[in-house]
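Asks: Let me give you the structure first, and then I'll get to my questions.
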Amino acid sequence: MKINSFRVALSLVAVSAAPYSAPAQTKLNGAGATFPAPLYQRWIAEFTKANPNVQINYQAVGSGTGITNFTQGIVNFAGSDAAMTDEQIAKVKQGVVLIPATAGSIVLAYNLPGVENLKLSRDAYAGIFLGKITKWNDPAIAKTNEGVKLPDTAITVCERSDGSGTTFVFTKHLSTINSDFKTQVGEGTTVTWPIGVAGKGNDGVTALIKQTPGAIGYVEYGYAKNNKLTYAQLQNKSGAFVAATAESGAATLNSTQFPPEILRAWPSDPDAKEAYPISTFTWLLLYKKYDNKEILGALKKFVTYGLSDGQKFADELGYVPLPKEVAAKSEAALKSVE
Amino acid sequence: MSETAVETSTGNEFRKRRLRFDLFLVLTWVTSAATVVTLVWIVWSILQAAFPAIASTGFGFFVNSVWNPNRNIYGVFPFLNGTAGSSGIALLLALPLGVAIAIFLSEDFLPAAIRQVVRFVVELLAAIPSVVYGLWGIAVVIPIVQSWGGFLTQHFGFLPFFAPPATGNSMLTASLVLALMVLPTITAISRTALVAVPKTLREGSYAVGATRWETIFKVLLPTAAPGIVAATILAFGRAMGETMAVAMLIGNSPRLTWSLLSPAGTLAGLLANQFGEASGMQVSALMYAALTLVLMTLLVNIAGELVLRHTQKTIAGIR
Numbered sequence: 001m002k003i004n005s006f007r008v009a010l011s012l013v014a015v016s017a018a019p020y021s022a023p024a025q026t027k028l029n030g031a032g033a034t035f036p037a038p039l040y041q042r043w044i045a046e047f048t049k050a051n052p053n054v055q056i057n058y059q060a061v062g063s064g065t066g067i068t069n070f071t072q073g074i075v076n077f078a079g080s081d082a083a084m085t086d087e088q089i090a091k092v093k094q095g096v097v098l099i100p101a102t103a104g105s106i107v108l109a110y111n112l113p114g115v116e117n118l119k120l121s122r123d124a125y126a127g128i129f130l131g132k133i134t135k136w137n138d139p140a141i142a143k144t145n146e147g148v149k150l151p152d153t154a155i156t157v158c159e160r161s162d163g164s165g166t167t168f169v170f171t172k173h174l175s176t177i178n179s180d181f182k183t184q185v186g187e188g189t190t191v192t193w194p195i196g197v198a199g200k201g202n203d204g205v206t207a208l209i210k211q212t213p214g215a216i217g218y219v220e221y222g223y224a225k226n227n228k229l230t231y232a233q234l235q236n237k238s239g240a241f242v243a244a245t246a247e248s249g250a251a252t253l254n255s256t257q258f259p260p261e262i263l264r265a266w267p268s269d270p271d272a273k274e275a276y277p278i279s280t281f282t283w284l285l286l287y288k289k290y291d292n293k294e295i296l297g298a299l300k301k302f303v304t305y306g307l308s309d310g311q312k313f314a315d316e317l318g319y320v321p322l323p324k325e326v327a328a329k330s331e332a333a334l335k336s337v338e
Numbered sequence: 339m340s341e342t343a344v345e346t347s348t349g350n351e352f353r354k355r356r357l358r359f360d361l362f363l364v365l366t367w368v369t370s371a372a373t374v375v376t377l378v379w380i381v382w383s384i385l386q387a388a389f390p391a392i393a394s395t396g397f398g399f400f401v402n403s404v405w406n407p408n409r410n411i412y413g414v415f416p417f418l419n420g421t422a423g424s425s426g427i428a429l430l431l432a433l434p435l436g437v438a439i440a441i442f443l444s445e446d447f448l449p450a451a452i453r454q455v456v457r458f459v460v461e462l463l464a465a466i467p468s469v470v471y472g473l474w475g476i477a478v479v480i481p482i483v484q485s486w487g488g489f490l491t492q493h494f495g496f497l498p499f500f501a502p503p504a505t506g507n508s509m510l511t512a513s514l515v516l517a518l519m520v521l522p523t524i525t526a527i528s529r530t531a532l533v534a535v536p537k538t539l540r541e542g543s544y545a546v547g548a549t550r551w552e553t554i555f556k557v558l559l560p561t562a563a564p565g566i567v568a569a570t571i572l573a574f575g576r577a578m579g580e581t582m583a584v585a586m587l588i589g590n591s592p593r594l595t596w597s598l599l600s601p602a603g604t605l606a607g608l609l610a611n612q613f614g615e616a617s618g619m620q621v622s623a624l625m626y627a628a629l630t631l632v633l634m635t636l637l638v639n640i641a642g643e644l645v646l647r648h649t650q651k652t653i654a655g656i657r
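Respectively, the protein sequence lines represent chains A and B.
First residue of the first sequence? That's 1 in the working numbering, and the numbers climb one at a time after it.
First residue of the second sequence? That's 339 in the working numbering, and the numbers climb one at a time after it.
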């Protein structure tokens with residue numbers, strides 16, 4: 001009796017361990033940034049409809065984890081908002097190709113019932129995030145909003161509690177335009193804010209802003225758009241007040257100069273008059289060399305699709321489509337993958 | 339002749355049983371050893387990953403109140419404070435309430451059927467996933483704290499605990515929701531302890547002329563004390579390790595504050611928030627924080643065990 005049940009158990013183990021016949025499919029695994037995930041998922045859905053023999057997984061685990069998995073060779077490709085540093089690239093034996101895949105803007109969304117079209121000067125929004133401006137009717141805000149009745153409400157600054165590419169880009173921009181911010185806070189995926197409440201993810205910050213009268217926080221343009229948040233026009237380097245749109249984002253990206261050897265740059269303070277001050281690329285990370293030809297072929301086909309036809313989904317999902325010149329550079333970089 | 343046959347058959351039977359017993363013994367040994375090995379393995383791998391941070395920050399990690407990954411400065415004092423503070427306040431609120439419910443449910447104030455329903459409902463609180471508590475906290479508790487917070491800071495702002503400005507996502511909000519989350523643990527274990535008090539004690543107390551409330555406070559509660567202490571410790575452990583609901587409600591600020599109405603942070607929340615995007619020394623520092631959390635829960639449990647043994651010894655005479 002006893003022995004019988006043991007045998008049954010053993011045979012069960014044997015059955016479950018037996019290799020089942022795999023379908024003739026190429027599987028691509030990717031992981032990384034959460035920000036471009038909705039767009040990548042859309043690309044995957046559309047691409048696999050046309051190419052049913054390819055199966056693609058993209059896990060939105062965050063840029064940091066994506067880079068770690070990529071370095072360990074667990075995934076075939078990764079996504080990162082902060083690209084990769086030279087140190088990180090040096091650790092990857094197969095070599096790395098950085099491909100700008102899409103772009104987005106970061107908006108300052110706020111919760112002030114009755115106040116629309118708020119204009120924030122560079123000093124004002126840097127001052128708010130430094131904790132120097134604490135009331136909505138502060139002269140620094142009132143100065144650029146003549147005719148708007150600003151309430152005597154306290155400002156609640158909302159920020160990201162988790163490490164994030166959004167924080168990285170936003171703090172990079174603030175550090176560029178404000179020397180106090182640079183010395184007191186600095187740039188990074190996680191910084192110690194001098195003031196405010198933090199929520200996890202773009203959705204966490206969105207919830208905080210929606211719930212707290214007098215709140216202001218930085219979120220991805222797409223989230224603000226989907227959640228119908230009100231967001232401010234920001235003053236750019238030329239002094240003009242610009243709202244986040246696909247056009248103003250594209251103007252920012254167009255002004256970006258890449259170094260010749262690698263497609264990695266952040267437009268942390270664009271010059272153009274019509275450029276929105278805080279826009280950024282997000283990258284796909286590929287190895288320079290793939291041993292498996294099937295994976296290489298499928299991956300190249302997929303990324304090519306994303307860089308060409310896939311770009312048309314960008315605007316409706318709240319991303320900034322890649323400018324033509326950048327898309328061409330990305331495709332050229334993709335060709336170097338073998 | 340027949341006698342010996344019986345003897346050998348029982349001997350066989352006995353031997354068979356011994357054999358089966360041994361197999362069972364081996365099985366239990368293996369499983370319990372595996373549990374211990376897993377725990378040691380977990381602690382060891384965390385320790386290994388934490389080592390660079392331990393080597394570079396040492397004890398300063400616990401007293402430094404700045405956590406700043408982009409400057410490579412790592413101190414967890416604000417998070418230690420937040421973890422201890424939120425769990426402590428939660429217990430302070432939940433313990434009297436939980437014990438009161440346990441007394442109510444173990445006495446015959448109401449018919450047994452109704453008590454059964456109440457008990458079921460309270461214990462059902464434990465079955466709610468923590469993310470749901472978080473959402474409920476956002477929807478219900480935060481607006482309440484927001485509207486009362488202004489009043490508190492205005493009238494009691496001179497106390498450091500109610501220093502302005504008042505925010506909805508704060509230590510107080512997290513503590514209130516945590517209190518609700520640990521309530522079933524306290525109630526269930528305390529009730530079991532109260533029910534387990536021997537009937538003779540109660541009868542003896544009535545026999546010498548004590549009232550019902552005298553019996554409850556002077557006889558039943560002291561006798562059930564070890565169980566209530568155990569309940570408190572388990573609840574404290576649960577509150578300290580609670581991640582999701584707290585991360586959604588506490589405001590996740592790394593700044594040190596004494597105000598209950600300011601955003602704060604806990605160790606568990608810090609780990610959940612920052613691990614995904616961490617790299618290099620930050621990973622190691624987070625592992626160090628994880629090790630701290632494990633050691634804290636371990637210490638709490640050891641302290642609880644000691645208290646439990648001590649009280650058991652002192653009341654052993656009563657029984």
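Where is the CB? At the ideal position from N, CA and C, for every residue including glycine.
At 9 Å on the CB atoms, spell out the chain A contacts of B:Pro407, in chain order.
Replies: For this step, residue 407 of chain B is matched to residue 69 along the second sequence. Near B:Pro407 (Cβ distances below 9 Å), the residues of chain A are Gly163, Gly188, Thr189, Thr190, Val191, Thr192.
Asks: Going along the chain, which unbroken runs of the beta strand (DSSP E) with 3 or more residues stay wholly within the stretch 127-185 of chain A?
Replies: 156-160
Asks: Can you find at least 3 beta carbon pairs, one from the stretch 377-388 of chain B and one from the stretch 622-639 of chain B, that sit closer than 8 Å?
Replies: yes
Asks: Against A:Ser63, what residues of chain B qualify as contacts under a CB-to-CB distance less than 7 Å, listed in chain order?
Replies: As a position in the first sequence, residue 63 of chain A is number 63, starting the count at 1. Correct list: Glu615.
Asks: Using a 10 Å radius around the Cβ and a threshold of 16 neighbouring Cβ atoms, would you call A:Glu220 buried or exposed?
Replies: Stepping through the first sequence from its first residue, residue 220 of chain A is reached at position 220. With 16 or more other Cβ atoms within 10 Å, it is buried.
Asks: Spell out whether any CB of chain B is found under 8 Å from the CB atom of A:Val197.
Replies: As a first step, residue 197 of chain A must be located in the first sequence, where it is residue number 197. Interface residue, yes.
Asks: What residues of chain A sit near B:Ile480, judged by a beta carbon separation below 9 Å?
Replies: Translated into positions along the second sequence, residue 480 of chain B becomes position 142. Close to B:Ile480, with beta-carbon spacing below 9 Å, are these residues of chain A in chain order: Gln211, Thr212.
Asks: Beta carbon of A:Val191, beta carbon of A:Thr171: below 8 Å?
Replies: As a first step, residue 191 of chain A must be located in the first sequence, where it is residue number 191. As a first step, residue 171 of chain A must be located in the first sequence, where it is residue number 171. Closer than 8 Å, so yes.
Asks: Of all the residues that make up the stretch 81-98 of chain A, which are near chain C by a beta-carbon distance shorter than 7 Å?
Replies: Absent from the structure: chain C. Protein chains present are A and B.
Asks: In whole angstroms, what separates the C-alpha of B:Ala602 from that of B:Met586?
Replies: Taking the first residue of the second sequence as 1, we reach residue 602 of chain B at position 264. Taking the first residue of the second sequence as 1, we reach residue 586 of chain B at position 248. Cα to Cα, the separation comes out at about 11 Å.
Asks: Measure the Cβ-Cβ separation of A:Ile216 and A:Ser105 and say whether it is below 8 Å.
Replies: As a position in the first sequence, residue 216 of chain A is number 216, starting the count at 1. As a position in the first sequence, residue 105 of chain A is number 105, starting the count at 1. Not closer than 8 Å, so no.
Asks: Can you list, in chain order, the residues of its chain whose CB lies under 6 Å from that of A:Asn53, leaving out five sequence neighbours each side?
Replies: Translated into positions along the first sequence, residue 53 of chain A becomes position 53. For A:Asn53, where only same-chain residues beyond five positions count, the Cβ hits under 6 Å are Gln25.
Asks: Does the Cβ-Cβ distance between B:Val483 and B:Ser508 come in under 8 Å?
Replies: On the second sequence, position 145 is the one that residue 483 of chain B refers to. On the second sequence, position 170 is the one that residue 508 of chain B refers to. Yes, Cβ-Cβ distance for B:Val483 and B:Ser508 is below 8 Å.
Asks: Within its chain, find whatever has a CB closer than 8 Å to the CB of A:Glu325; leave out the 5 residues flanking it on each side and keep chain order.
Replies: For the purposes of this step, residue 325 of chain A is identified with residue 325 of the first sequence, where counting begins at 1. Hits under 8 Å: Asn254.
Asks: Tell me which residues share the same chain as B:Leu633 and place their Cβ nearer than 8 Å to its Cβ, disregarding the 5 neighbours each side in the sequence.
Replies: To locate residue 633 of chain B, count along the second sequence from 1; it is residue 295. In the same chain as B:Leu633, and ignoring 5 residues on each side of it, no C-beta atom comes closer than 8 Å to its own.
Asks: Since A:Phe241 sits in a beta bridge, which residues does DSSP pair it with?
Replies: Sequence index remark: in the first sequence, residue 241 of chain A carries index 241 (1-based). A:Phe241 pairs with A:Gln235.
Asks: One question on the structure: do A:Leu234 and A:Leu108 come within less than 8 Å of each other, judged by their Cβ atoms?
Replies: As a working mapping, residue 234 of chain A is identified with position 234 in the first sequence. As a working mapping, residue 108 of chain A is identified with position 108 in the first sequence. Yes, they are a contact pair.
Asks: Restricting to Cα atoms, I'd like to know which of B:Thr373, B:Val437, B:Val520 is closest to B:Val463.
Replies: Start at 1 with the first residue of the second sequence, and residue 463 of chain B comes out as number 125. The residue asked about is misnamed: residue 463 of chain B is Leu in this sequence, not Val. Closest in C-alpha terms to B:Leu463, from the list B:Thr373, B:Val437, B:Val520, comes B:Val520.
Asks: Where A:Asn292 and A:Lys335 are concerned, what is the direct C-alpha to C-alpha distance, given to the nearest angstrom?
Replies: Here residue 292 of chain A refers to the residue found at position 292 of the first sequence. Here residue 335 of chain A refers to the residue found at position 335 of the first sequence. So the two alpha carbons sit approximately 16 Å from each other.
Asks: Going along the chain, which residues of the stretch 382-404 of chain B sit with their C-beta nearer than 8 Å to a C-beta in chain A?
Replies: Val404
Asks: Could you tell me the alpha carbon to alpha carbon distance between B:Ala428 and B:Glu580, rounded to whole angstroms?
Replies: Taking the second sequence and counting its residues from 1, the one referred to as residue 428 of chain B is at position 90. Taking the second sequence and counting its residues from 1, the one referred to as residue 580 of chain B is at position 242. Their Cα atoms are separated by approximately 12 Å.
Asks: Starting from A:Ile278, follow the alpha helix (DSSP H) in both directions and report where the run begins and ends.
Replies: For the purposes of this step, residue 278 of chain A is taken as the residue at position 278 of the first sequence. Taken as a continuous stretch (DSSP letters only), A:Ile278 belongs to no alpha helix (DSSP H), as it is neither H nor E.
Asks: With distances taken between CB atoms, is the gap from B:Phe415 to B:Leu594 smaller than 8 Å?
Replies: The residue you call residue 415 of chain B lines up with position 77 of the second sequence. The residue you call residue 594 of chain B lines up with position 256 of the second sequence. Against a cut-off of 8 Å, the Cβ pair of B:Leu594 and B:Phe415 comes out as a contact.
Asks: Can you tell me whether DSSP reads A:Phe378 as helix, strand or coil?
Replies: This structure gives no information on residue 378 of chain A, because the portion of chain A shown stretches from 1 to 338.
Asks: Have a look at A:His173 and A:Lys149 and give me their C-alpha separation to the nearest angstrom.
Replies: Position 173 of the first sequence holds residue 173 of chain A. Position 149 of the first sequence holds residue 149 of chain A. Looking at the two C-alpha atoms, the distance is approximately 29 Å.
Asks: In chain order, what residues of the stretch 569-594 of chain B put their CB closer than 8 Å to some CB of chain A?
Replies: Ala585, Met586, Gly589, Asn590, Ser591, Pro592, Arg593
Asks: Mind pulling the chain B residues with CB within less than 7 Å of A:Thr156?
Replies: Taking the first sequence and counting its residues from 1, one reaches residue 156 of chain A at position 156. Under the 7 Å cutoff, chain B gives Thr505.
Asks: So what does DSSP say about B:Gln612, is it helix, strand or coil?
Replies: Taking the first residue of the second sequence as position 1, residue 612 of chain B is located at position 274. In this structure, B:Gln612 counts as helix in the three-state DSSP scheme.
Asks: Compare the C-beta of A:Leu208 against all C-beta atoms of chain B and say whether one is closer than 8 Å.
Replies: Taking the first residue of the first sequence as 1, we reach residue 208 of chain A at position 208. Judged by the 8 Å Cβ criterion, A:Leu208 is in contact with chain B.
Asks: Using a Cβ-Cβ cut-off of 6 Å (strictly less than) and excluding sequence neighbours within five positions of A:Phe302, which residues of its own chain qualify?
Replies: Start at 1 with the first residue of the first sequence, and residue 302 of chain A comes out as number 302. Here the set comprises Phe47.
Asks: So, helix, strand or coil for A:Glu331, using DSSP?
Replies: Along the first sequence, read from residue 1 onward, the residue named residue 331 of chain A stands at position 331. Three-state DSSP puts A:Glu331 in a helix.
Asks: For B:Pro407, which of helix, strand or coil comes out of DSSP?
Replies: Counting from one through the second sequence, the residue named residue 407 of chain B turns up at place 69. Three-state result, B:Pro407: helix.
Asks: If you measure from the beta carbon of A:Lys301 to each beta carbon in chain B, is any gap under 8 Å?
Replies: Taking the first residue of the first sequence as 1, we reach residue 301 of chain A at position 301. A:Lys301 does not count as touching chain B.
Asks: Taking the alpha carbon of A:Arg160 as the reference point, which residue from A:Ile195, A:Gly199, A:Ala314, A:Glu146 has its own alpha carbon closest?
Replies: Along the first sequence, read from residue 1 onward, the residue named residue 160 of chain A stands at position 160. The shortest C-alpha separation from A:Arg160 is found at A:Gly199.
Asks: Report the neighbours of B:Asn611 on chain A: residues whose CB is nearer than 9 Å to its CB, in chain order.
Replies: Along the second sequence, one-based indexing puts residue 611 of chain B at 273. In chain order: Arg160, Ser161, Asp162, Gly163, Thr190, Ala198, Lys200.
Asks: B:Pro416 CB to nearest chain A CB: under 8 Å?
Replies: Taking the second sequence and counting its residues from 1, the one referred to as residue 416 of chain B is at position 78. Closer than 8 Å: no.
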